[in-house]
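Structure, as structure tokens:
There are 2 protein chains.
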Amino acid sequence: MITELFLKGRLRDAISVDDRAALETAIEDVIEVEGPRRLVSRAEEVEVSYYLVDGYMARYLDDKRGYRQSVGFQVPGDWVDLHSFPMKRLDHDVVPLDRAKVAIFRHDRLRELIDGNPRLTRILWFSTLLDAAMIREWIFRLGRLSAEGRIAHFICELIERMRFIERYDGTFFPVPLKQSDFAEACGVSPVHANRTFKLLRDRGLVAASEGAGGMRILDEDGLRRLGEFRGDYLYGEGDLKLQQPFG
Amino acid sequence: MITELFLKGRLRDAISVDDRAALETAIEDVIEVEGPRRLVSRAEEVEVSYYLVDGYMARYLDDKRGYRQSVGFQVPGDWVDLHSFPMKRLDHDVVPLDRAKVAIFRHDRLRELIDGNPRLTRILWFSTLLDAAMIREWIFRLGRLSAEGRIAHFICELIERMRFIERYDGTFFPVPLKQSDFAEACGVSPVHANRTFKLLRDRGLVAASEGAGGMRILDEDGLRRLGEFRGDYLYGEGDLKLQQPFG
DNA sequence: CGCTGCATTGAAATATCTCAATCAATGTGG
DNA sequence: CCACATTGATTGAGATATTTCAATGCAGCG
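Rendered as structure tokens:
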């Protein structure tokens, strides 16, 4: 099933079998895309939304000098730009990190699908809001943490999200992020990101980088403390949240 | 009409007369609240959402030391926590800045209202996404701008939002924000916020502070340049966005 | 008059950026 | 197999930006 990973580890069980099937039938096509070519550009009018089947993507805003600020990171099972469905345009660019596989949903088809189905509507709405909750936590990260805390916090988020989709085995997760990608996500210079990783290694929190192949975690609790990480924002929805205690 | 200002200056005209009326009838009550007492607390389960009729509110995440990061700012016409309707809980606190008037919408009542009304559903969904677009721009602000740029950018956003609801006359807007509130929103220390305001005054961009009564703007273009401000993210929705050119 | 809450200032301590090299791994063409 | 280019990681050193701590100023208010 294409949408196998959608909300996996969170609300997935709240989606009925029928709704899942309906969602699957609304898929227009599944294609391969590859960075650094943009999949969606800021401000262009769009008529489809993409669901990320496999691979990773980042969302960017550009500053005056051409440097990028990452405003989102998508993993398999995420919608990349479902918000363009009610919004018509995006306020940012979407770029595959490497090679990725996406399912295409036409907006008119989505509309047909959900207009008579408030339950499914609410689930899709929910998933865009989960995204918003993450972004809010990114603000916290940038506004209140030191460079070291920011990187640690971001790593914790990645761990948690990879765990949802069973791509984290307790010590390693694969993600094609370079140090400069961490820098763009955490609002620090690439050079400082490098020094920060060295600090994290010296503290025994993460292992030496495996290139851009992924990340080996040595002390998840230590990272959480350093990044003042509370995982709850990744859940939403009361009942399910109980599976993961706050803090 | 209570929801008079909802999406004013943006999508408001897209809401049909019937839908507006329906929305009005779903109001449970209108009450006065006052900060610094929290209106909604992080993680508590909620059954109502609030629409801000008058006054201002801020949304906060706390760090380890008890300092706050502002992750949102609401003006009259905004929903303060509509996202709790699909989410059940909030990931942050909501606090009136001063005295405010809010309309209460019970979630079960909202559900009845929109379940047979996909158009209205999409408008509410849209408004939560507009909120998300703003937050993304906040990330840009924190991640890519200097303290001076951040404050300028935030002021520009306030100008624009106050303009939508006709509370900005071209030189002044009323908002009970202290320098320390700007600091919490922009991720800088209160002391540095103070020095930054001095810089902005010295550059002739804003006038001497009027306490927490509001802000007098001397050079909006200058502020936009300094804050690398692009107003488009506040609009959403293709057609209407044309009213305000990009950049 | 003496609080109290905010704005302001100074000075030293830190954190982060920038610029400029260097290094290591990888791939490519000959 | 070698010379070379490319990409990303690493390091050093000086310049800037921002924080922190500690006072001071200033206005409204009981």
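Chains A and B supply the protein sequences, listed in that same order.
According to the numbering used here, the residues represented by the first sequence are 1 to 247, in order.
According to the numbering used here, the residues represented by the second sequence are 1001 to 1247, in order.
We treat Cβ as the ideally placed atom computed from N, Cα and C, and that holds for glycine.
On a predicted model such as this, the values are computed, not experimentally measured, just so you know.
Query	Result
Just list the residues that DSSP pairs residue 1101 (chain B) with in beta bridges.	B:1032, B:1054
Taking only the alpha-carbon atoms, compute the straight-line gap between residue 1066 (chain B) and residue 156 (chain A) and give it to the nearest angstrom.	21 Å
Have a look at the DSSP bridge pairing and note the partners of residue 1173 (chain B).	B:1215
Can you find the residues in the same chain that come closer than 8 Å, C-beta to C-beta, to residue 1179 (chain B), ignoring five residues on each side of it along the sequence?	1190, 1193, 1194, 1197, 1209
Mark residue 81 (chain A) as exposed unless 16 or more other C-beta atoms lie within 10 angstroms of its C-beta, in which case mark it buried.	buried
Taking the alpha carbon of residue 1214 (chain B) as the reference point, which residue from B:1200, B:1044, B:1159, B:1117 has its own alpha carbon closest?	B:1159
Give the interface partners of residue 128 (chain A) over in chain B, defined as CB-CB distance under 8 Å, in chain order.	1125, 1128, 1129, 1132
Residues of chain A with a CB under 8 Å from the CB of residue 1233 (chain B): which are they?	91
Report the neighbours of residue 1067 (chain B) on chain A: residues whose CB is nearer than 8 Å to its CB, in chain order.	144
When the distance is taken between beta carbons, is residue 1216 (chain B) closer than 9 Å to residue 92 (chain A)?	no
Going by DSSP, what residue range makes up the alpha helix (DSSP H) through residue 6 (chain A)?	Per DSSP, residue 6 (chain A) belongs to no alpha helix (DSSP H) and is neither H nor E.
Which one of A:166, A:150, A:87 has the shortest CA to CA distance from residue 10 (chain A)?	A:166
Below 8 Å, can you find three or more Cβ-Cβ pairs linking the segment 97-107 of chain A to the segment 41-49 of chain A?	yes
Considering only the beta carbon of each residue, do residue 55 (chain A) and residue 99 (chain A) sit closer than 9 Å?	yes
For residue 1138 (chain B), return the contacting residues in chain A, with the cut-off set at a CB-CB distance below 7 Å.	139
Short of 8 Å in beta carbon distance, which residues of its chain neighbour residue 123 (chain A), apart from the five on each side in sequence? Order them along the chain.	7, 11, 14, 15, 19
Quick check on the burial criterion: 16 or more other C-beta atoms within 10 angstroms. Buried or exposed for residue 1114 (chain B)?	buried
Taking residue 79 (chain A) as the reference, give the member of A:90, A:27, A:52 with the closest Cα.	A:52
So with Cβ pairs under 9 Å, would you call residue 1190 (chain B) a contact of chain A?	no
I need the straight-line Cα distance from residue 1077 (chain B) to residue 1126 (chain B), nearest angstrom please.	14 Å
Beta-carbon of residue 1135 (chain B) versus every beta-carbon of chain A: anything under 9 Å?	yes
Say whether chain B places a C-beta atom closer than 9 Å to the C-beta of residue 187 (chain A).	yes
Run down chain A in chain order and give the residues with a C-beta less than 8 Å from the C-beta of residue 1071 (chain B).	136, 139, 140
Give the straight-line distance between the Cα atoms of residue 1111 (chain B) and residue 133 (chain A), rounded to the nearest whole angstrom.	22 Å
Buried or exposed: which applies to residue 247 (chain A), given that a residue is buried once 16 or more other Cβ atoms fall within 10 Å of its Cβ?	Because the pLDDT of residue 247 (chain A) is 30, which lies under 50, any placement of that residue in the model is unreliable, and the number read from its coordinates should be weighed accordingly. With fewer than 16 Cβ atoms within 10 Å of its Cβ, residue 247 (chain A) is classed as exposed.
Going along chain A in order, which residues have a C-beta closer than 9 Å to the C-beta of residue 1005 (chain B)?	Those do not exist, as residue 1005 (chain B) stays about 20 Å from chain A at its closest Cβ, beyond 9 Å.
Between residue 8 (chain A) and chain B, is there a C-beta pair that is closer than 9 Å?	no
Can you tell me whether residue 61 (chain A) is helix, strand or coil according to DSSP?	strand
With H, G and I counted as helix, E and B as strand and the rest as coil, what does DSSP make of residue 1206 (chain B)?	strand
Expressed to the nearest angstrom, what Euclidean distance is found between the alpha-carbon atoms of residue 116 (chain A) and residue 228 (chain A)?	42 Å
Near residue 73 (chain A), which residues of its chain fall below 6 Å by C-beta distance, leaving aside the five closest residues on each side in sequence?	58
Just the Cα atoms here: how many angstroms apart are residue 128 (chain A) and residue 1129 (chain B)?	8 Å
Spatial neighbours of residue 1174 (chain B) within its chain, please: CB distance less than 7 Å, with the 5 preceding and 5 following residues excluded, ordered by chain position.	1167, 1213, 1214
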